[in-house]
Amino acid sequence: MTNHWVDVKNADVILVMGANPAENHPISMKWIMRAREKGAKLIVVDPRFTRTATRADIYAPLRSGTDIAFLGGMIKYILDNNLYFKEYVAHYTNASFLVNPDFKGPGELNGLFSGYDEKTRKYDKKTWSIQMDEKGLPKKDPALKDPNCVFQLLKKHYSRYTLDKVSSITGTPKEKLVEVYKTYASTGKPNRVGTELYAMGWTQHTVGTQNIRTMAIIQLLLGNIGMAGGGVNAMRGESNVQGSTDYGLLFHILPGYLPVPSASVADLKTYIEKFTPKTKDPKSVNWWGNRGKYITSYLKAIYGNHATKENGFAYEYLPKLDEGMNASWLSLFDQMYKGKFEGFFAWGQNPACSGSNAGKVRKAMANVKWMVNVNLFDNETASFWKGPGINPKEIQTEVFMLPCASSVEKEGSISNSSRLAQWRYKAIGPVGQSKTDSDIMNELYFRVKKLYQKQGGKFPEPILKLTWNYGDKDASGKVKEVDTHKVAKEINGYYLEELVDKKATPPKVLGKKGGLCTNFVTLQADGTTSCGNWLYSGSYTMKDDKVVNMMARRGKKDIGGLGMYPEWAWCWPLNRRIIYNRASVDLDGKPWDPKRAVIKWNPNKLDPKTKKTAPGWDGDVPDGPAPPYSNEKAGKYPFIMRADGMGALFGPGLADGPFPEHYEALECPLQANLLSKQRINPAIKLFFDQKGGLKEDVFLSCDMRFPYVATTYRVSEHWQTGVLTRHLPWQAELQPQQFVEMSEELAKEKAIRNGDKVTVKSARGEVWAIAMVTNRFKPFKIANSTVHQVGLPYHFGWQFPEDGSGGDSANLLTPTIGDANTMIPETKAFMVNVEKA
Amino acid sequence: MANMIRKANAFEIFNHWVLAISCFILALTGYAFLFHLEQMNAIFGSFAQMKVVHNYAGIAFAGSLAITIFFYLPESLHITGDDFKWLAMAGGYLSKHPHTPPMGKLNTGQKLFYILLLIFGIAISVSGFVIWLMPGVKKYILLSHLAHNIAFDFIVIAVPAHMYLATLANPGTLRIMLSGTVPVEWARKRHEKWVREMGY
Amino acid sequence: MARKALLISPELCIGCRGCQTACKGWNQLPAEKTKNTGSSENPPDLTPIVYNKIRYVEVPSEKDPVRWLFVSQRCMHCDDAGCMKICPAPGALYKTKEGAVAYNKEKCIGCKLCVAGCPFNVPRYDAKDKISKCNLCEDRITAGLEPACAKTCPTGAIKYGERDSLLGGAKKAGFAKVYGDTDLGGLGSIYAFKDSPKLYGMEEKPQIPESIVFWHKVLKPLAYWGVGGAVAASLIHYVVIGPHKDDEEVKKDG
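As given, the protein sequences belong to chains A, B and C, one line each in that order.
Per our numbering, the very first residue in the first sequence carries number 1; after that it's consecutive.
Per our numbering, the very first residue in the second sequence carries number 1; after that it's consecutive.
Per our numbering, the very first residue in the third sequence carries number 1; after that it's consecutive.
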């Protein structure tokens, strides 16, 4: 989230699209309802009339996978009707930047951007560049009139998204489109703010990243980024997904969003050179310019004294990706299926049910020699070898089950969608022989280390030289039990030498040797600081010479009634509750909306220590202490994480285009994309193409055998694949069985009655489900024909309840295809058939 | 020794006392339920146990009621002109020296009592069993609860009257339910027609 | 103590059923084995181990494909409670000082008359034939806490507080019908409805069955005065008119 949960209450308009908070994030509804009490409008856009929709002022249906068309139409509406926030757009976004004149868009190139290579399915982004002047600064047209300026290109790009076109793609009635557009665009005024809440309904598409990009463009046009009650807000699917992402859960990032190097990035110098963006604009903060400090401090944290200036801070120990290698979920299981793995740790997950195209995933697991399942319960993954259609005699995989502690059986921090790291305490000890994840990891580490010590191995140093000082050690040097506080301190970072501000007169000691870092601002690139994750530096720190766990704070003081509660726990970065908050003020540092002042420049601010006037910011922790934009000498641009300091309407960083373009899902009910000749996202990696592929990866689009659009989702009563909730009788009582929701019209066509057992089939698999015939789904009018959509949750699995009454995972139906940028599987739009069982 | 005539046989007497005792228990527990008389816990231990007593006393009551009806119903339903005369003078109970019309084995008042017992006894028994055996069936329970209580009210009014009339008001009557015999002359005054029928 | 109540606002409810689970959790109620019968609503009805459930009601809508209402079904904690009125066992059902209709299973005699007495079809009986229903988390409220359902509700669709202020708030908020304001002496579970109660599946005018009212007003006093009257009349008769003298006459004659 750019903002935070409580902040939703400050919005005037709340757009819920790609999410269903009432069912999947029920607590967020508290803040949505608070906003509504004050007169805010709630808009819900969803293929299905969800429990969230019941509370909406406006509900608009759309066919799964057409969000960009829907939002593209909104961009056009905003631009056509001059509803954008002019000052904001002109000064805080790259609207005025001039783009390479050779850049061409899908309107000119039949659905493609310039630079596409059909063979590699990749873009050469050479033409997606900004023109630079002789000083190395972007060329601009402040009047936004130049045909090559971002603003005009944006206008041109979305001019194709007419109401008729959008309606015939999405199936949303035109008057609903206008109602939504009008209501949401009303927040383009300084005193009106709109927020967007999304979740997996946006990310799990082949155009997932671009779905979010489209909204980011809208929020920038309307001046809603950085504002209280604004932002683009990802509601995370699990309580600590934010935390695990921050800490490098994904294959391509190290903790703190530092890129994982590929083999060609040979040394630290090259790494820093390659991954540190540069700017010549003195007004741009370009925070990622600090990359070198963060990667060096990270290496110092994990390799300690083994990381020296001489050995490039042990950079060579870092694992590297092969050039062009993608180690995301779909690729991993594809490789596993092809027998490329020896073993597999399923740690706190249940891929046999959660993985898209779960049938393939289940088969893949038969191709590893061993599997370790770390979980609270046995599940479909650990027991895959005795699953439906599998002959245990043919399975060679040896499965180990390591029971782990639940979240209430251990101490530590959890980071929620608000980027808020909150300390939690242990309520009871782990049950039976189960251990906390960190203790299991600890046992594993010391055993692996011992093996390396005994047997050598190809490259033992990264393991042997790892710093692992997380608790008291026994005679053999093994940590007996992991002390979470020690981990948290390592993450925060230490001053390895005394840190002195030499510019100050007299020189001022900023940090004592061995002390905890104040925050990431003081991290160094010379190896004198360590920090496990720069974003979290400041979370476990020193205050007045005392060690303070900031995450354990429970202060309830608020600022301006905005619900920021700066003394409650701690959020990254630097306890900033709303990021990009410098965009919430005008060029002089005055809040666009004084009633919702996130920060405010105070020229008469008193330093509480010296009692002297020291101009500064009031309110939230600002995006840097620099004076406002208009300050000629020291003023800074608001978007500090971007090299040019500007919000990106034109975003050349993504794989599939600088402007989001509507493409159909891999499987869709249409022969062709109504907007261009390019049916699917041209930059996605296809696992099955004209040349063929694994039969498990087959997909069938616009095929009579699979005529209905399908989507998967969750319900409030269950959690992910249900491993935690299916075993909980209270939850199983509420939602006992796999179901499929469908319209009354479709049910009539198929002679299905409410409560009937039906079979849902895709090109890849089938599941049985109980038919829920309801008006919550309505047929869509798409390109003058009727398109039906069905939906089913993916919480169920064959293994529990033991009598099989729950059904099996809906992911047996979903395809092997991912987003062009993130490779998140497209489980929210695919094609199925439904028949009475 | 006066000539004695048998007005009730041993079984009738036994049955009467079963009915009387069960009725007493039912009424007592009934009042306890009705007015939450927690003092009854001293006798029954708890209301739950009292409910058991009430239910099983109900079986005894219903059984002996059926027998009672079998014994007296034909006679009770045998109404003659004398009965109306008897009624017209309220059985002579309002006068110190009444001259009532000649009566059969049962006088009109007794007939009335038996008819009352027939109606409300059956009502209270049947409704009692419904409440006991069909709990939770709202429609039946509401009807039965009403019937049970209406019948209860009549019975708790009629029974004391019966007791008074059979004891203090008519000295010598009680022996019918003790020994079963009464002096012929005593009977002649009250049940002239019957005595004649019996050949005295 | 001012009477406490729950204010249930279906217009704020998101049907998440956190309250259903919280109720089970706090009251340590086991689960039912259920089936999906074509609705997310489950279990299908209140049971001895389901004190509170959300009913999912789908009604036509002009603006949307459907109007989907979520209504909490549970004990209404009537001021004039039919169950208490009809209950023959003292102390089995009682009012807490907060106004909750609570119960003591030890004292329940399992007669199930309360089932007939309740206008809302709430009381259920457990395997031991003891009453089982929402008691407004008596153990929590008497300790100054709010009931588990209200505590867990994320949107304030179930609020616990002083009845008068909840009522005032609901009226001020302009709800078309504040259900339970005066019905049955005022309910302890009041509902803020936007439309007629019928739409939400509620009785328009809930009442204690007339037969029970009649019994309470007429038959019950009659049982008291009737037996007294019969005894008194007998005594008066004995004194004023006296017994038949026949017996002595017969003796004399004999």
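Even for Gly, the Cβ is constructed at its ideal location relative to N, Cα and C.
This structure is a prediction, so every number in the text was calculated from the model and none was measured.
One Cα belongs to residue 792(A), the other to residue 714(A), and the distance between them is close to 8 Å. With respect to the 8 Å criterion, residue 131(C) and residue 100(C) are not classified as neighbours on the basis of their beta carbons.
For residue 68(C), the beta-bridge partners assigned by DSSP are 58(C). Below 8 Å, too few C-beta pairs join the region 616 to 628 of chain A and the region 28 to 45 of chain A to call them touching: fewer than three. Its chain contains 206 as the residues whose beta carbon lies nearer than 6 Å to that of residue 183(C), once the 5 sequence neighbours on both sides are disregarded; these appear in chain order. When rounded, the separation of the alpha-carbon atoms in residue 418(A) and residue 691(A) is 45 Å.
Closest in C-alpha terms to residue 356(A), from the list 836(A), 762(A), 790(A), comes 762(A). Under the 10 Å beta carbon count, residue 664(A) is surrounded by 16 or more other beta carbons and is classified as buried. Contacts between residue 29(A) and chain C, judged by CB atoms closer than 7 Å, involve 14, 154, 155 in chain order.
The Cβ-Cβ distance between residue 604(A) and residue 613(A) falls below 8 Å. With respect to chain B, the C-beta atom of residue 211(C) has a partner C-beta closer than 8 Å. Below 8 Å, too few C-beta pairs join the region 176 to 185 of chain B and the region 157 to 176 of chain C to call them touching: fewer than three.
With a threshold of 8 Å between beta carbons, residue 99(C) makes no contact with chain A. The alpha carbon of residue 468(A) has as its nearest neighbour, out of 301(A), 657(A), 296(A), the alpha carbon of 301(A). A straight line joining the alpha-carbon of residue 443(A) with that of residue 338(A) spans about 30 Å. The beta-carbon distance between residue 830(A) and residue 710(A), rounded to whole angstroms, is 6 Å. This is short enough to meet the 8 Å contact definition.
Among the CB atoms of chain A, one or more fall inside 8 Å of the CB of residue 17(C). The C-alpha of residue 471(A) lies about 52 Å from the C-alpha of residue 46(C). Inclusion of residue 618(A) and residue 599(A) in the CB contact set at 8 Å is warranted, their separation being smaller than that value. For residue 421(A), the uninterrupted beta strand (DSSP E) run begins and ends at 420 to 424, by DSSP.
In the DSSP assignment, residue 6(B) falls within the beta strand (DSSP E) that extends over 4 to 6. Residue ranges of uninterrupted alpha helix (DSSP H) with 4 or more members, entirely inside the region 206 to 259 of chain A and ordered along the chain, are 208 to 221, 241 to 246. Shown here, residue 600(A) sits in a strand according to DSSP, grouped into three states.
Ranking 145(C), 144(C), 113(C) by CA distance to the CA of residue 133(B) puts 113(C) first. No Cβ of chain A is located within less than 8 Å of the beta carbon of residue 176(C). Among the residues of the region 167 to 186 of chain A, none has a Cβ less than 8 Å away from any Cβ of chain C.
In this structure residue 62(B) is not in contact with residue 25(B), their Cβ atoms being roughly 13 Å apart against a cut-off of 8 Å. By the beta-carbon neighbour count (other beta carbons within 10 angstroms, threshold 16), residue 128(A) is buried. The region 745 to 765 of chain A and the region 21 to 30 of chain A do not touch, with fewer than 3 CB-CB distances between them shorter than 8 Å. Along the region 138 to 151 of chain B, the positions whose C-beta sits under 8 Å from a C-beta of chain C are 138, 141, 142, 143, 145, 146, 149, 150, read in chain order. By the Cβ-count criterion, residue 474(A) is exposed, with fewer than 16 other Cβ atoms from all chains shown falling within 10 Å of its own Cβ. With fewer than 16 other Cβ atoms from the protein chains shown falling within 10 Å of its own Cβ, residue 199(B) counts as exposed. Of 169(A), 325(A), 141(A), 87(A), the smallest CA-CA separation from residue 98(A) is found for 141(A).
Following the DSSP letters along the chain, one finds residue 221(C) in no beta strand (DSSP E) but inside the alpha helix (DSSP H) bounded by residues 220 to 240.
If only uninterrupted beta strand (DSSP E) runs of at least 3 residues are considered, those enclosed by the region 585 to 657 of chain A are 599 to 602, 616 to 619.
Three or more pairs of CB atoms, one per stretch, sit closer than 8 Å, so the region 547 to 556 of chain A contacts the region 564 to 580 of chain A.
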